[in-house]
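First comes the structure, then the notes that go with it.
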Amino acid sequence: MEPNKYSAETEAIIKNYTTLNLGPTHPATHGIFQNILTMDGEIVVDAEQTVGYIHRAFEKIAERRTWYQITTLTDRLNYCSSPINNIGYQLAVEKLFGVETNKRIDYMRVIIMELARIADHLICNSVIGVDTGALTGFLYVMQEREKIYDIFEDICGARLTTNIGRLGGFERDFAPETIQKIKDFIKGYPKVLAEFEKLLMRNRIFMDRTIKVGPISAERATAYGFSGPNLRAAGVDYDVRVSTPYSSYNDFDFIIPTGTQGDTYDRFCVREAEMWESLKIIKQAVDNLPEGKPYVDVPEIVLPPKEEVYSKMEPLIWHFKVVMGEVNTPVGEVYSAVEGGNGELGFYIVSDGGRTPYRLHFRRPCFIYYQAYPEMIRGGMLSDAIITMSSMNIIAGELDA
Amino acid sequence: MLQKDDIISKLKETFASAILAVEDPDGIATFTIASESIIPVTQFLREQLGFNFLTDLCGIHYPDQELPLGVIYHLHNFQENVRVRLKAFVPGENPSIATATDLFPAANWMERETFDFYGIIFEGHPNLKRILNVEYMDYYPMRKEYPLEDPTRHDKEDQFFGR
């Protein structure tokens, strides 16, 4: 601070400010990021953020990897809903290659993405509960997330970092047991979600803790590049699933819930409402799952079946070409976005026709909107700052890429 | 309805000399803008054509070009649901471009990230320092002259399939 910048009175106030380190590893931040808070008693005066603690240079690594090897990197962005990242990346590459997928692939993807959205929102919303002192809901809904992860395990073999599906579809179709598991989930989940809502939504303590906490206006939220539930809570009905429908989202009937205040309570309510909508979409997709092959017939990006690789010449050649990345990639650039768990997850690919992307940029929603955090918590209590952070659904992996 | 062609003709009308190229690679109108005019163009798009959302801002490096470093902006108009992409290229020596933080607060960290990885200086940025990398790093890692692999390693050389 420069000398003589403030009057003596202001100086005296500033002298009484304390500096508080929130993070990097603080249990309430749910991830590794640091906030240096300037506090006046228990009131937050200012915050300075430090990010990048788990930066892993994904964009640089991607410039050395062939197209199908990059999906595993996207797992580690928003690890609460990695299937959305995987499928979002696959859609971007398919757009670059000009591949059209059939309805069955689209519907399978929609089911997976909506399940992932439920898992993501469940974590975020129940963690708001934890940070306001209600651990019960968190442990209760964990059981449901477990069922979603079981479905993912059935489909791709992994639970958290899923690497689900392939470029151009899926390596295999859903097993009948998987479809049964999804149907069971649709049947059992509404009861749990309703109970969870009953626990928090009209709970006086919870409402007192969250209403008018960490608010942001629609105008500021748009200027700060908010997207996803956080933007919708502020009253802007922008959803990539509707504005730029991908993967046949225009076949489904669902609404975009919005809030009005843009505060923690609205963000919570928007996510709750979205989970009901996701459930509606999954139900429609499972009931109307079309027939068809689970992968497209494009040899450039889809590995041929193994038994053909061992017995026929052409599939053997294509197998090698795909694995070594020696396929003809179109020259061009695409921007493709999906509605991720916490906002517009974009993939900007520049291809020069080589075996790897020339440039791959991830538009990571929480990296962009987390910069509004100091503005949102200024003037509030420390405990409000903590629930504001958990209600923004900031995932360290996505923040730092 | 604001159509892609309207945007192209309106921009060409207003900034005839600043627009160096117009393309349409993936359904998004893409303009290459002279780097000194990037802020007037962005401001025009924001204030006259309603592009009020900065979707993305990132850097790119083409070492063989005369102006090797580039900044790429993606803007979105929510009401009309159209996107545009702007590109501005700057020289490799002392690369600098005006900041967009006055128009879009969201540009703050995205510009810091671009500075961090490509070394592009955003003139007038309120807090231009590294964001994801450590502060004592003395190079810009996303530039193409920094290969990912250790250049002294020869065990990974692939003379048949390598690029």
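Protein chains in written order, with our numbering: chain G, 1 to 401; chain H, 402 to 564.
We put the beta carbon where it would ideally sit given N, CA and C, even for glycine.
Here DSSP, grouped into helix, strand and coil, assigns Ile148 of chain G to helix. Thr456 of chain H sits buried, since 16 or more C-beta atoms from the chains shown fall within 10 Å of its C-beta.
In the three-state reduction of the DSSP assignment, His526 of chain H falls in the coil class, being assigned neither a helical nor a strand state. Taking all protein chains in view, the Cβ of Arg202 of chain G is surrounded by fewer than 16 other Cβ atoms within 10 Å, so the residue is classified as exposed.
CA-CA distance, Gly262 of chain G to Arg363 of chain G, rounds to 22 angstroms.
Look at Glu63 of chain G here: in three-state DSSP terms it is coil, with no helix or strand label. Contact annotation: the segment 425 to 434 of chain H does not touch the segment 298 to 312 of chain G, with fewer than three C-beta pairs closer than 8 angstroms.
Per DSSP, reduced to three states, the secondary structure at Lys280 of chain G is helical.
Residues of chain H whose Cβ lies closer than 7 angstroms to the Cβ of Ser247 of chain G do not exist; the shortest such Cβ separation is about 17 angstroms. Ala507 of chain H has its alpha-carbon roughly 17 angstroms from the corresponding atom of Ala47 of chain G. Close partners of Ala223 of chain G in chain H (Cβ separation under 7 angstroms): Phe505, Pro506, Ala507.
The alpha-carbon separation between Thr502 of chain H and Glu512 of chain H amounts to approximately 8 angstroms. In the DSSP annotation of this structure, Tyr358 of chain G is not part of any beta strand (DSSP E), being labelled neither H nor E.
Beta-carbon to beta-carbon, Phe170 of chain G and Met108 of chain G are separated by about 6 angstroms, close enough to satisfy the 8 angstroms threshold. The segment 70 to 78 of chain G and the segment 96 to 104 of chain G do not touch, with fewer than three beta-carbon pairs separated by less than 8 angstroms.
Taken through DSSP and simplified to helix, strand or coil, Arg166 of chain G comes out as strand.
At a Cβ-Cβ threshold of 8 angstroms, His30 of chain G and Val127 of chain G count as neighbours. In the displayed model, Arg363 of chain G falls within a strand according to three-state DSSP. Between the alpha carbons of Gly188 of chain G and Thr415 of chain H lies a gap of roughly 59 angstroms.
Neighbours of Pro542 of chain H in chain G, taken as residues whose beta carbon is under 9 angstroms from its own, are Ala57, Lys60 in chain order.
Using a 10 angstroms sphere on the CB of Val535 of chain H, the tally of other CB atoms stays under 16, which defines it as exposed. Taking a Cβ-Cβ cut-off of 8 angstroms, Tyr68 of chain G has no neighbours in chain H, whose nearest Cβ is about 15 angstroms from it.
DSSP, reduced to helix, strand and coil, places His121 of chain G within a helical segment of the structure shown.
The bridge partners DSSP lists for Arg486 of chain H are H:Thr431, H:His475. Around the Cβ of Pro215 of chain G, a 10 Å sphere holds 16 or more other Cβ atoms; the residue is buried. Among the residues facing chain G, Leu412 of chain H is not included, as its CB has no counterpart in that chain under 8 angstroms away. Sequence-ordered contacts of the segment 371 to 383 of chain G with chain H read Gln371, Ala372, Glu375 [C-beta pairs closer than 9 angstroms]. Taking the beta carbon of Asn482 of chain H as reference, the chain G residues within 8 angstroms of it are Ser243, Thr244, listed in sequence order.
Within chain G, the residues placing a beta-carbon under 8 angstroms from that of Asn453 of chain H are Thr222, Ala223, ordered along the chain.
Of the candidates G:Gly332, G:Ala401, G:Leu193, G:Ile281, G:Gly332 places its Cα closest to the Cα of Val93 of chain G. Listed along chain G, the residues sitting closer than 8 angstroms to Ile429 of chain H by beta-carbon distance are Tyr335. Counting along the chain, the unbroken alpha helix (DSSP H) around Val93 of chain G starts and ends at 82 to 97. With its beta carbon at least 8 angstroms from every one in chain H, Phe138 of chain G lies outside the interface.
A residue is called buried once 16 or more other Cβ atoms fall within 10 Å of its Cβ, and Met142 of chain G, having fewer, is exposed. In this structure, Asn509 of chain H lies away from Gln49 of chain G, with their beta-carbon atoms at least 8 angstroms apart. Annotated three-state conformation of Gly397 of chain G is helix, per DSSP.
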